[in-house]
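>
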Amino acid sequence: MNVQQLDDQFETYGRENNLVEIPTGVGFCMYIRRDCLNVVGYFDVETFGRGYGEENDWCQRAAKAGWPNFHQLNVFVYHKGGVSFAGEQNPRKTRALELLSALHPNYTKDVMDFIARDPAKKARQQLLLRILAKKNVSKVLLVTHKMSGGVTQHIRELSDFYRQQAHFLVLKPEVDGQSVALLLDADGNECHEKFVIDISRGYETLLSLLRFIGVGHIHYHHLIGVPKQLLKLSDDLGCRYDITIHDYYFVNANPSLTKKNGMFAGEEPDIRDRLCNEHYPKPEGMSAIQWRSIYQAWLEGAERVIFPSANTQVRFITAFPGVEKNSIIAWHPDYENNAPYPDAKSDYQVGKKLKVLILGAIGREKGALLLDEVANELKHENIEFHLLGYAFRPLNGGVICHGAYTSSDIDGKLDEIQPDIVWFPARCPETYSYTLSIALEQGLPVLVPNLGAFAERVNGRRFSRVVAWDSSVQQMCTLWRSLLNDPAAFFSAENVPSTLDMSMTKRTVDFYRHEYLQDNWLRESELGTVDYKDLSESFCSSESIEIVPVAEVAPRGRKEKLLAILWKLTRHPALAWAVKLIPYRVQRYVKRCLSRRAIHEVVR
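To convert, note that position 101 of the sequence shown is 512 in the numbering used here; the numbers rise steadily by one, no gaps.
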């Protein structure tokens, strides 16, 4: 929206009850009554000079003289900020605050109290709901879990991909297990508050809120921690739903299909279910068949079940054959945004130190132990292993750890490391792999396992070697030595076939660009039939709803502070040996008890 459109929305707030008392006005847009000015006098130019503080001082003098300051709620004025005295701001602001504090000792406290009370909050929320309801685009509700990672990245991708064509809201569970949080914008940078709703008491209120906004479609991304009542949202809203499969949670409660040692449990269903249950136990007394029956009708009733790779689809439908009829294979939108990828290039020459890069957060399932042992075995040879990310436990000295990265600094990190090849030592069937996307976007050579999405995503690509996913430490050492000695032979060797036959599958090309959005998702909101102030007032006053800020980085509680201390202790060389003696399952359990966030979000 432009400024005029925003002001038009604020104008609908009306002229009644549209004033909120504030401790000070804002100089760039401040109306002063003449009779007040005659009593209070002009700005104190002698004390404050020009630019900062004079209007705040005047407002404080006016308030003391019995003339309160008001914020008018039915007008929107845009202030770019910091333009009038660019380059002089910080010294002027600092001096102005010092003068204000001396003249009006209560000023800072009054401002802080106003911010804490936030009396204009209700009006902002009411207008935000109205603006959202008025948007003439499809509104899609994305249901997901409360953890970070690839699912969160995909959700933000969708929001960015369709920024002008659709509006995405997010619904995810809160930590108490009884409530869900509704974010009115899937872009975390745009959403500053969330509606926390107790589903046991507030489900109907949630439905009313979604109807008012005009939600016309639901897209489920994950159900870990999500109340089962939300599976019938589409029926109660009278709309259809899609499901994206991000892992294998619905198959047997084990998202990665791995055994206790972090290795893939295999393709034989009965054996896999038993081994997976030892690693990720299902509820007491529940079989894998009973577990799947919980989700079967819901999966088969979806408009589309979207798989980010053919490998995922083939493996998934062995557990849910009825899903094949409504399944779509579509690589994530990051591919459509960046395709075609640049041609891979390799400048590595014999005699040069070989730099092998591993990307992302790696646990046992993603090959941390394999990396550690291979790097330790080859530490005296002309090869370096660089981890741009972090492992679930301290690694031996054979791996150079660079810590976590962000999307904004990845290019700089890669320029610094200058890798010759990127290795993905995963021991589980990844459904897509955003870290692989980074390597492909950079045109880097890769070495990937023949398990999961890797093989199909590098099929036909130069300088892309596919090896057996269960290669031993010695086999991997032999491979790396072959690259050191003969790069041409290494990359020209025949790739190992994928573990699954995907010859009968077909990927939908440009699915997100041409097919994802549907015309029938556009739903008229209830704005024309209900008063938005009354409706939003009922939301805000409901005992089952709490509106709370969304922190850019959630503050650490006592549990996460303890986790941060434990993590730092595990990095100490004197304790690293002891950490290796603690079973991985115990480590994972302790970490998840203390925090569900990614470790790099806690240790900062």
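Positions of the beta carbon are idealized from the N, C-alpha and C atoms, including for glycine.
What are the start and end residues of the alpha helix (DSSP H) that includes Gln416?
Its alpha helix (DSSP H) spans residues 414 to 422.
> Check the DSSP bridge columns for Ser590 and list the partner residues they point to.
Asp609
> Going by DSSP in three states, Ser903 sits in which element: helix, strand or coil?
helix
> Where does Ser512 sit, in a helix, a strand or coil, going by DSSP?
helix
> Please return the same chain residues whose Cβ sits closer than 6 angstroms to the Cβ of Thr655, not counting the five positions on each side in sequence.
His632, Ile717
> Look at the Cβ atom of Leu798, then the Cβ atom of Ile832, and state whether they are nearer than 8 angstroms.
no
> Of all the options Glu679, Ser848, Ala721, which has the alpha carbon lying nearest to the alpha carbon of Phe751?
The amino acid occupying residue 751 in the given sequence is Pro; Phe does not appear at that position. That would be Ser848, whose Cα lies nearest to the Cα of Pro751.
> Are there 16 or more other CB atoms within 10 angstroms of the CB of Pro530, so buried, or fewer, so exposed?
exposed
> Taking its Cβ as the centre, do 16 or more other Cβ atoms sit within 10 Å of Cys440, making it buried, or is it exposed?
exposed
> Among the candidates Gly464, Asp419, Asp455, whose CA atom is the shortest distance from the CA of Thr435?
Gly464
> Could you tell me whether the region 804 to 820 touches the region 781 to 792, using the rule of 3 or more Cβ pairs below 8 angstroms?
A contact exists between the region 804 to 820 and the region 781 to 792.
> So, for Glu714: in the same chain, excluding its five sequence neighbours on each side, which residues have a beta-carbon less than 6 angstroms away from its beta-carbon?
Arg651, Asp653
> Tell me which same chain residues have a C-beta within less than 8 angstroms of the C-beta of Ser590, skipping the five on either side of it?
Pro584, Val607, Ile608, Asp609, Ile610
> DSSP state of Cys1004, grouped into three classes?
helix
> Along the chain, where does the alpha helix (DSSP H) that runs through His925 open and close?
922 to 925
> What are the boundary residues of the beta strand (DSSP E) that includes Glu795?
794 to 802
> What runs of the beta strand (DSSP E), each 3 residues or longer, lie entirely inside the region 427 to 484?
430 to 433, 480 to 483, all fully within the region 427 to 484.
> Just grab the DSSP bridge partners of His630 for me.
Leu553, Asp653
> Could you give the first and the last residue of the continuous beta strand (DSSP E) run that contains Val1025?
The first residue shown for the chain is 412 and the last is 1015, placing residue 1025 beyond what the model contains.
> Measuring CB to CB, does Glu738 end up less than 8 angstroms from Thr842?
Inspection of the sequence shows that residue 738 is occupied by Ser rather than by Glu. Not in contact: Ser738 and Thr842 (Cβ atoms no closer than 8 angstroms).
> Can you tell me whether Asp395 is buried or exposed, with buried defined as 16 or more other CB within 10 angstroms of its CB?
Past the edges of the chain, shown from 412 to 1015, lies residue 395, and the structure says nothing about it.
> Quick one: grab the DSSP three-state call for Leu721.
The sequence given here has Ala at residue 721, not Leu. Note: Ala721 maps to helix in three-state DSSP.
> Using only alpha-carbon positions, find the residue among Ala741, Glu747, Ala989 that is nearest to Arg918.
Ala741
> Which one of Ser667, Lys693, Ala699 has the shortest CA to CA distance from Asp681?
Ala699
> If you follow the beta strand (DSSP E) that Gly762 is part of, which residue opens it and which one closes it?
Unbroken run through Gly762: none, as it is neither H nor E.
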